[in-house]
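Take a look at the structure set out below.
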Amino acid sequence: MTSTKNLRIDRIACTGRGLCGELLPELSGLDEWGYPVLKDRAVPDHLRAHTRRAVAACPRLALHADDADA
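Per the working numbering, the sequence shown starts with residue -6, numbered consecutively.
Right under this line is the structure:
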C-alpha cells in the first residue's frame, strides 16, 4: 500500500523561477511574478513520477512531496 503524498512549497527558499509550474502544471500554476500557486496539494497516483521529477529539478529545493499522514 502506498501512502498519500502532499505537495508543499517552502516559500522562504523559493525564488520564483517557475520551473515547477512548467514541469507539473496539473498541480501548480504561477502567479504574475513567477511564484508557484498550488492548485491541489494532494498528489494523485498517476502523477507521482512527474512529482518526483519536479521536486528533484527545483533549483532552490523549495518543492517537497511529503507523506500526508506525517
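Virtual Cβ for every residue (Gly too), placed ideally from N, Cα, C. Every value quoted in this text rests on a predicted model; they were computed, and no experiment measured them.
Go through its chain and collect everything with a Cβ distance to Val36's Cβ below 8 Å, but skip five positions before and after it.
Thr(-3), Lys(-2), Asn(-1), Leu0, Leu20, Thr44, Ala58
What's the C-alpha gap between Gly14 and Ala42?
15 Å
Mind checking whether Leu40 and Val30 have CB atoms under 8 Å apart?
no
Collapsed DSSP secondary structure at Leu20 in the structure displayed
coil
For the ligand GDP, is there a heavy atom less than 7 Å away from the beta-carbon of Arg4?
Of ligands this structure carries none, so the ligand GDP is not represented either.
Whose C-alpha, out of Cys51, Lys32, Arg34, Tyr28, is nearest the C-alpha of Gly9?
Tyr28
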